[in-house]
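K.L.:
Positions in the sequence shown are counted from 1; adding 3 to them yields this note's numbering. Got a structure here, written out as structure tokens. Questions coming.
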Amino acid sequence: MAAFPDIPKIQYEGPESKNPLAFRWYNPDEVVAGKTMREHFRFTVVYWHTFRGTGSDPFGAATLQRPWDDGTESVDNACNRARAAFELFEKLDAPFYAFHDRDVAPEGQTLAESHSNLDAVAKVLKEEQKRSGVGLLWGTANLFSNPRYMHGAATSCNVEVYAYAAAQVKKAIEVTKELGGENYVFWGGREGYQCLYNTDMKRELDHLAQFFHMAVDHAKSIGFTGQFLIEPKPKEPTKHQYDSDVAACVNFLRAYDLTDSFKLNLETNHATLAGHEMLHELEAAGSQGFLGSIDANTGDLLLGWDTDQFATNYYLTTQIMLALLKYGLSPGGVNFDAKVRRESFEPVDLFYAHIGSMDAFARGLRVATAIREEGALSSVVTERYKSWDGDLGKKIETGKCSFAELEKLMLEKGEASANTSGRQELLENIVNRYLDKR
Ligand code: XUL
Ligand code: CO
4 MAAFPDIPKI QYEGPESKNP LAFRWYNPDE VVAGKTMREH FRFTVVYWHT
54 FRGTGSDPFG AATLQRPWDD GTESVDNACN RARAAFELFE KLDAPFYAFH
104 DRDVAPEGQT LAESHSNLDA VAKVLKEEQK RSGVGLLWGT ANLFSNPRYM
154 HGAATSCNVE VYAYAAAQVK KAIEVTKELG GENYVFWGGR EGYQCLYNTD
204 MKRELDHLAQ FFHMAVDHAK SIGFTGQFLI EPKPKEPTKH QYDSDVAACV
254 NFLRAYDLTD SFKLNLETNH ATLAGHEMLH ELEAAGSQGF LGSIDANTGD
304 LLLGWDTDQF ATNYYLTTQI MLALLKYGLS PGGVNFDAKV RRESFEPVDL
354 FYAHIGSMDA FARGLRVATA IREEGALSSV VTERYKSWDG DLGKKIETGK
404 CSFAELEKLM LEKGEASANT SGRQELLENI VNRYLDKR
């Protein structure tokens with residue numbers, strides 16, 4: 004039985020369309036900046052919010068109507084849910100999905116039972132992938148929901164909890180490989196601290212690094228070639244998460260000799276919780292060669308917590324696409340780690356949410372492409388750093404200069420040459436001009 008019987012396959016109808024179940028900007032086969040839109044975005048639907056979200060919050064119970072789900076934690080229900088999920092992926096024309104182990108299959112009484120539940124559901128996922136052509140962008144393990152992880156998983160003070168987490172990740176990597184997953188993500192669910200009085204920070208970070216090294220070794224031993232990704236987030240659920248932002252993650256990877264095996268999965272709402280714009284995090288990762296994938300969502304600055312909303316703001320999506328066009332994304336993708344509001348409780352709201360955000364990203368791609376093709380920003384940046392293109396700049400940039408030489412030069416000159424305007428306001432106006440255009 005169809006889970007979404009009244010919803011057709013979503014088609015591109017163009018910007019003038021008023022059909023709420025059609026794309027206005029996302030035209031999967033249209034070539035923009037040398038690639039089809041499908042290839043640019045590699046849009047991904049997340050299993051946890053879209054198929055396991057209930058709408059409950061700290062103040063109230065579940066609100067979301069999900070008629071295909073019988074509400075039990077049975078393997079049969081998990082398999083039916085998987086079929087409903089693939090119906091949505093296909094109707095949205097989303098080429099990928101992503102999951103945590105415990106989203107797709109129920110946790111058993113023992114680890115062995117959890118493993119076999121996951122294998123049973125993975126069989127259905129594999130069949131559905133084959134039937135539909137939808138692929139797995141990434142898998143991950145949920146190392147935060149079960150109470151055993153109250154002190155963390157790979158940073159737990161309890162060595163057997165650490166071992167349990169390792170066993171869970173081992174299995175999740177194996178299932179991700181079995182399903183052809185192109186990446187594997189580590190979001191440090193409870194890898195952080197609430198209180199430094201009871202925490203050995205150095206020991207926890209050393210343990211986390213060992214955990215990642217063992218994951219890399221295991222992936223090699225089974226021939227999993229997907230990209231490992233760390234997902235930075237500064238707080239929530241812990242007061243301080245170790246993977247707090249791009250700078251912290253890159254420092255960690257360099258300190259523990261993990262740079263060959265890991266890149267980063269950046270999420271807008273995590274960037275803003277860290278006090279950064281998403282564009283900052285994209286630049287910080289991209290410029291250092293660590294941009295792997297993105298979790299596409301947005302927060303609400305007035306609420307200030309991880310609200311995981313669907314991004315619909317063209318200004319944000321334009322900025323993201325400027326960075327993605329500059330640095331590239333594959334084998335990552337644009338993953339909707341976003342949930343409908345608990346007041347948007349009907350199944351059709353899942354479609355409105357994804358369609359709107361896919362369109363917002365497609366509009367952002369079109370605007371960012373025009374900005375880049377006409378060099379509207381890059382020409383200003385090139386001009387701004389022109390003084391560095393001469394002999395002096397080259398000498399410094401290639402490490403062939405000393406303080407003494409620079410002092411000699413400036414003693415001779417007496418004063419540096421005059422500065423030029425940064426033109427920030429003009430550039431903001433120019434970006435708006437591109438946003439006006441179609
Ligand atoms: C949590 C978050 C996770 C990761 C996957 O804030 O973003 O859903 O994306 O574990
Ligand atoms: Co995320």
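By construction, the Cβ of each residue, glycine as well, lies at the ideal position given by its N, Cα and C atoms.
Identify every residue that forms a DSSP beta bridge with K205.
P.N.:
Walking along the sequence shown from the start, residue 205 turns up at place 202. Beta-bridge pairing links K205 to no other residue.
K.L.:
Under a three-way DSSP split, which group does I13 fall into?
P.N.:
Against the sequence shown, residue 13 aligns to sequence position 10. Of the three classes helix, strand and coil, the one that applies to I13 here is coil, per DSSP.
K.L.:
What is the C-beta distance between L208 and Y245, in whole angstroms, given that I count them as a contact (C-beta under 8 Å)?
P.N.:
Indexing the sequence shown from 1 puts residue 208 at position 205. Indexing the sequence shown from 1 puts residue 245 at position 242. Right, their Cβ atoms sit about 6 Å apart.
K.L.:
Who pairs with L269 in a beta bridge, going by DSSP?
P.N.:
Position 266 of the sequence shown, counted from the start, is the residue given in the question as residue 269. The partner list for L269 (beta bridge, DSSP) reads I297.
K.L.:
Going by beta-carbon coordinates alone, are N268 and E239 separated by less than 8 Å?
P.N.:
By 1-based counting over the sequence shown, the position of residue 268 is 265. By 1-based counting over the sequence shown, the position of residue 239 is 236. No.
K.L.:
Please list, in chain order, all residues of the same chain as A156 whose beta carbon is under 6 Å from its beta carbon, the five residues on each side excluded.
P.N.:
Looking up residue 156 in the sequence shown gives position 153. Same-chain partners within the cutoff: L146, A168.
K.L.:
Output needed for R212: all residues of its chain with C-beta closer than 6 Å, excluding positions within five of it in sequence on either side, in chain order.
P.N.:
Position 209 of the sequence shown holds residue 212. Checking the displayed sequence, the identity of residue 212 turns out to be Ala instead of Arg. Closer than 6 Å at the Cβ level, and outside the excluded window around A212, lie Y259.
K.L.:
CA-CA distance, N201 and C160?
P.N.:
To locate residue 201, count along the sequence shown from 1; it is residue 198. To locate residue 160, count along the sequence shown from 1; it is residue 157. One C-alpha to the other measures close to 10 Å.
K.L.:
Is T241 a contact residue of the ligand XUL, with contact defined as CB to any heavy atom under 7 Å?
P.N.:
Counting from 1 along the sequence shown, the entry for residue 241 is found at position 238. No.
K.L.:
Once the 5 residues before and after L380 are set aside, which same chain residues still bring their CB inside 7 Å of it?
P.N.:
For the purposes of this step, residue 380 is identified with residue 377 of the sequence shown, where counting begins at 1. If we look at L380 and ignore the five residues flanking it on each side, its Cβ neighbours are I374, L430.
K.L.:
Under a three-way DSSP split, which group does F231 fall into?
P.N.:
In the sequence shown, counting from the first residue as 1, residue 231 sits at position 228. Three-state result, F231: strand.
K.L.:
Once DSSP output is grouped into helix, strand and coil, what is the label at N22?
P.N.:
Position 19 of the sequence shown, counting from 1, holds the residue named residue 22. In this structure, N22 counts as coil in the three-state DSSP scheme.
K.L.:
Relative to the ligand CO, what is the chain-ordered list of residues with a Cβ closer than 5 Å to any of its non-hydrogen atoms?
P.N.:
For the ligand CO, the selected residues are E270, D298, D340.
K.L.:
Looking only at its own chain, which residues have a Cβ that is under 6 Å from the Cβ of S264, when we skip the five neighbours before and after it?
P.N.:
Translated into positions along the sequence shown, residue 264 becomes position 261. Taken in chain order, the residues that qualify are V219, F231.
K.L.:
Check T39 in the structure and name its three-state DSSP category.
P.N.:
Position 36 of the sequence shown holds residue 39. Here T39 sits in strand by DSSP.
K.L.:
Give me the residue from K242, A363, I323, C82 with the minimum Cα distance to D106.
P.N.:
Taking the sequence shown and counting its residues from 1, one reaches residue 106 at position 103. The shortest Cα separation from D106 among K242, A363, I323, C82 belongs to C82.
K.L.:
Which two residues bound the contiguous alpha helix (DSSP H) that contains N80?
P.N.:
Here the question's residue 80 lines up with position 77 in the sequence shown. Counting along the chain, the alpha helix (DSSP H) containing N80 begins and ends at 78–95.
K.L.:
Hey, L319 and M281 are a contact pair by Cβ (cut 8 Å); roughly how many whole angstroms apart?
P.N.:
On the sequence shown, position 316 is the one that residue 319 refers to. On the sequence shown, position 278 is the one that residue 281 refers to. Rounded, the Cβ-Cβ distance is 7 Å, consistent with contact.
K.L.:
Is any heavy atom in the ligand XUL found nearer than 7 Å to the beta carbon of H279?
P.N.:
Here residue 279 is taken as the residue at index 276 of the sequence shown, counted from 1. Outside the cutoff, so no.
K.L.:
For D122, which option in D362, G136, V78, K242 has the closest C-alpha, if you only look at C-alpha atoms?
P.N.:
Within the sequence shown, numbered from 1, the residue matching residue 122 stands at position 119. Comparing Cα positions, the closest option is V78.
K.L.:
Cβ-heavy atom distance between K416 and the ligand XUL below 7 Å?
P.N.:
Sequence index remark: in the sequence shown, residue 416 carries index 413 (1-based). Incorrect: K416 has no Cβ contact closer than 7 Å to the ligand XUL.
K.L.:
Where does Y245 fall in DSSP's three states?
P.N.:
The residue given as residue 245 occupies position 242 in the sequence shown. Residue state, collapsed to three classes: coil.
K.L.:
In its own chain, which residues sit with a C-beta less than 8 Å from the C-beta of Y437, not counting the 5 before and 5 after it?
P.N.:
What you label residue 437 is simply residue 434 of the sequence shown in a count that begins at 1. Answer for Y437: T321, V370, A373, I374, A379, listed in chain order.
K.L.:
Indicate the three-state DSSP secondary structure (helix, strand or coil) for A169 in the structure shown.
P.N.:
Taking the sequence shown and counting its residues from 1, the one referred to as residue 169 is at position 166. A169 falls in the helix class under three-state DSSP.
K.L.:
Quick one: is Y388 buried, meaning 16 or more other Cβ sit within 10 Å of its Cβ, or exposed?
P.N.:
Walking along the sequence shown from the start, residue 388 turns up at place 385. Y388 is exposed by the Cβ-count criterion.
K.L.:
Indicate the three-state DSSP secondary structure (helix, strand or coil) for H221 in the structure shown.
P.N.:
Here residue 221 refers to the residue found at position 218 of the sequence shown. Helix, per DSSP.
K.L.:
Are there 16 or more other CB atoms within 10 angstroms of the CB of Q312, so buried, or fewer, so exposed?
P.N.:
Start at 1 with the first residue of the sequence shown, and residue 312 comes out as number 309. Buried, because 16 or more other Cβ atoms sit within 10 Å of the Cβ of Q312.
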